[in-house]
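K.L.:
According to this note's numbering, the sequence shown holds residues 5 to 381 in order.
Glycine included, C-beta positions come from ideal geometry on N, C-alpha and C.
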Amino acid sequence: MEKAKVYFTDFHTKAFGDGLPSKLKKLIKAAGIGRIDMDGKFAAIKLHFGELGNISFLRPNYAKAVADVVKELGGHPFLTDCNTLYPGSRKNALEHLYCAWENGFTPLTVGCPILIGDGLKGTDDISVPVKGGEYIKEAKIGRAIMDADIFISLTHFKGHEMTGFGGAIKNIGMGCGSRAGKKDQHNDGKPSIDSEKCRGCRRCQQECANNGLEFDSSSKKMHINPENCVGCGRCLGACNFDAISFDSDAALSDLNCRMAEYTKAVVDGRPCFHISLVVDVSPNCDCHCENDMPILPNIGMFASFDPLALDQACVDACMAVDPLPGGQLAKNMAKPDFVDHHDHFTNSTPESEWRTCLEHAEKIGIGTREYELITIE
Numbered sequence: 005m006e007k008a009k010v011y012f013t014d015f016h017t018k019a020f021g022d023g024l025p026s027k028l029k030k031l032i033k034a035a036g037i038g039r040i041d042m043d044g045k046f047a048a049i050k051l052h053f054g055e056l057g058n059i060s061f062l063r064p065n066y067a068k069a070v071a072d073v074v075k076e077l078g079g080h081p082f083l084t085d086c087n088t089l090y091p092g093s094r095k096n097a098l099e100h101l102y103c104a105w106e107n108g109f110t111p112l113t114v115g116c117p118i119l120i121g122d123g124l125k126g127t128d129d130i131s132v133p134v135k136g137g138e139y140i141k142e143a144k145i146g147r148a149i150m151d152a153d154i155f156i157s158l159t160h161f162k163g164h165e166m167t168g169f170g171g172a173i174k175n176i177g178m179g180c181g182s183r184a185g186k187k188d189q190h191n192d193g194k195p196s197i198d199s200e201k202c203r204g205c206r207r208c209q210q211e212c213a214n215n216g217l218e219f220d221s222s223s224k225k226m227h228i229n230p231e232n233c234v235g236c237g238r239c240l241g242a243c244n245f246d247a248i249s250f251d252s253d254a255a256l257s258d259l260n261c262r263m264a265e266y267t268k269a270v271v272d273g274r275p276c277f278h279i280s281l282v283v284d285v286s287p288n289c290d291c292h293c294e295n296d297m298p299i300l301p302n303i304g305m306f307a308s309f310d311p312l313a314l315d316q317a318c319v320d321a322c323m324a325v326d327p328l329p330g331g332q333l334a335k336n337m338a339k340p341d342f343v344d345h346h347d348h349f350t351n352s353t354p355e356s357e358w359r360t361c362l363e364h365a366e367k368i369g370i371g372t373r374e375y376e377l378i379t380i381e
């Protein structure tokens with residue numbers, strides 16, 4: 005496979021000149037987004053709206069820049085993300101939209117509608133075959149994302165407490181999975197029910213097709229029947245009271261591979277384009293309800309048709325800069341017992357692991373890690 009082209013521009017601007025949103029528009033046009041036929045097509049722009057309390061997520065200005073270019077090309081853009089597996093401010097579409105609005109994402113600020121990809125309760129998904137999948141045969145992807153004619157990822161590239169970093173593949177694979185799809189990646193086991201939170205409403209039982217749930221009429225509580233439960237995760241989205249949960253116990257290498265396979269399900273067979281901004285590189289995911297100070301300096305904006313090459317280019321750029329003083333990474337490196345892994349993300353979070361994700365993504369044909377970096381002034 006020949007090298008992929010990855011386009012790059014830094015965050016420098018000239019006084020009284022164009023701002024960063026205009027620079028992002030210039031970048032993605034130079035990278036070839038105009039080669040996609042968008043005339044009259046629906047274009048899903050996948051990004052992370054940020055958890056309430058977190059302020060390191062990408063600003064709405066960047067999303068508007070991408071949406072504006074799509075509209076210039078005749079497309080119909082919408083911003084999207086899927087509901088979260090864990091309790092928080094984005095576990096159903098109503099809370100998710102309120103969270104997005106509070107964080108500044110509204111149709112007025114971004115210039116296009118906002119749709120939650122897997123519906124009200126995270127159960128509106130579609131099973132998508134994974135060609136060559138070793139861990140996932142059918143991925144459960146938010147229906148609105150798969151209904152779109154064109155898929156665009158807009159990623160905040162940052163650290164991550166499990167996967168080392170959160171890049172394009174994580175934004176796509178984990179982010180586009182429905183609640184059941186996220187469970188599919190994190191865990192292939194069975195749920196548990198917190199009896200104190202269970203209201204006995206039996207709404208979850210309506211979603212179970214395998215008699216995996218049993219209602220105790222004496223205690224007025226729901227219970228799991230482990231012999232019948234297949235671990236599909238449909239009950240998770242049906243519970244309004246966070247009484248049902250799955251432990252995140254998949255090995256990191258398995259999680260990385262499943263995430264890559266979910267990414268392949270999303271991007272296979274349709275026009276796609278990918279953008280990553282290495283800015284405010286927090287040590288943990290934007291899913292946190294807080295964010296620590298950045299561990300690395302702001303580097304720039306990257307764009308490519310190849311999400312794997314894009315992730316590799318962002319990783320390489322991060323490894324080439326020095327840690328920021330006072331951040332989690334620098335503090336770890338100053339400890340007396342510090343062991344240098346010669347890897348900023350592992351040094352920041354030693355229990356994390358990211359290489360298997362990129363290796364598996366290349367193995368299953370998502371793209372290539374070999375790239376040509378083209379700088380746009």
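Would you call the stretch 348-365 and the stretch 120-136 touching, i.e. three or more CB-CB distances under 8 Å?
P.N.:
no
K.L.:
By the three-class DSSP mapping on this structure, what secondary structure does Phe349 have?
P.N.:
helix
K.L.:
Using 8 Å as the Cβ pair cut-off and three pairs as the minimum, do the stretch 173-182 and the stretch 96-113 touch?
P.N.:
no
K.L.:
If contacts are defined as beta-carbon pairs under 8 Å, then Lys125 and Gly23 qualify, I think. What distance do you get, rounded to the angstrom?
P.N.:
About 39 Å; that fails the 8 Å criterion.
K.L.:
Please report the Cβ distance between Asp296 and Gly54, rounded to the nearest whole angstrom; I am assuming they are in contact, meaning their Cβ atoms lie under 8 Å.
P.N.:
Not quite, the Cβ-Cβ distance comes to about 14 Å (not below 8 Å), so this is no contact.
K.L.:
Determine the extent of the beta strand (DSSP E) in which Met305 is found, giving its start and end residues.
P.N.:
Gly304 to Ser308
K.L.:
Please state whether the Cβ-Cβ distance between Lys50 and Leu119 is less than 8 Å.
P.N.:
no
K.L.:
On the criterion of 16 or more Cβ atoms from any shown chain inside 10 Å, does His190 qualify as buried, or is it exposed?
P.N.:
buried
K.L.:
Could you give the DSSP three-state label for Asp272: helix, strand or coil?
P.N.:
In the three-state reduction of the DSSP assignment, Asp272 falls in the coil class.
K.L.:
Under 8 Å: do the stretch 76-83 and the stretch 33-51 share three or more Cβ pairs, one atom per stretch?
P.N.:
yes
K.L.:
Taking C-alpha atoms, which residue in Phe306, Phe61 and Thr267 lies nearest to Thr13?
P.N.:
Phe306
K.L.:
Counting Cβ pairs, one atom from each stretch, are 3 or more of them under 8 Å apart for the stretch 230-237 and the stretch 207-215?
P.N.:
A contact is defined here as three or more CB-CB pairs under 8 Å, and the stretch 230-237 meets this definition with respect to the stretch 207-215.
K.L.:
Alpha carbon to alpha carbon, how far is Gly304 from Glu357?
P.N.:
24 Å
K.L.:
Using three-state DSSP, classify Lys68 as helix, strand or coil.
P.N.:
helix
K.L.:
What does the Cβ neighbour count give for Arg274, buried or exposed, with the cut at 16 atoms within 10 Å?
P.N.:
exposed
K.L.:
Going by DSSP, name the residue or residues bridged to Gly15.
P.N.:
The question names Gly, but residue 15 is Phe in the sequence shown. Answer by DSSP bridge pairing: none, since Phe15 is not bridged.
K.L.:
Give the straight-line distance between the Cα atoms of Asp198 and Lys174, rounded to the nearest whole angstrom.
P.N.:
Rounded to whole angstroms, the gap between the alpha carbons of Asp198 and Lys174 is 29 Å.
K.L.:
So the candidates are Gly185, Leu312, His348 and Cys276; which of them puts its Cα closest to the Cα of Lys162?
P.N.:
His348
K.L.:
Three Cβ pairs or more, each shorter than 8 Å: is that satisfied between the stretch 62-72 and the stretch 256-270?
P.N.:
no
K.L.:
Please return the same chain residues whose Cβ sits closer than 7 Å to the Cβ of Ile248, not counting the five positions on each side in sequence.
P.N.:
Pro195, Ile197, Cys208, Cys239 and Leu240
K.L.:
What are the partner residues of Leu158, as DSSP defines its beta bridges?
P.N.:
Ile279
K.L.:
Does the beta-carbon of Thr127 have 16 or more other beta-carbons within 10 angstroms, so that it is buried, or is it exposed?
P.N.:
buried
K.L.:
Grab me the residues of Gly227's own chain with a C-beta within less than 8 Å of its C-beta, minus the 5 sequence neighbours each way, in chain order.
P.N.:
Per the sequence shown, residue 227 should be read as His rather than Gly. When the five nearest sequence neighbours on each side are left out, the beta carbons in the same chain lying within less than 8 Å of the beta carbon of His227 are those of Ile197, Leu217, Glu218, Phe219 and Asp220, in order along the chain.
K.L.:
Grouping DSSP H, G and I as helix and E and B as strand, with all else coil, what is Asp122?
P.N.:
coil
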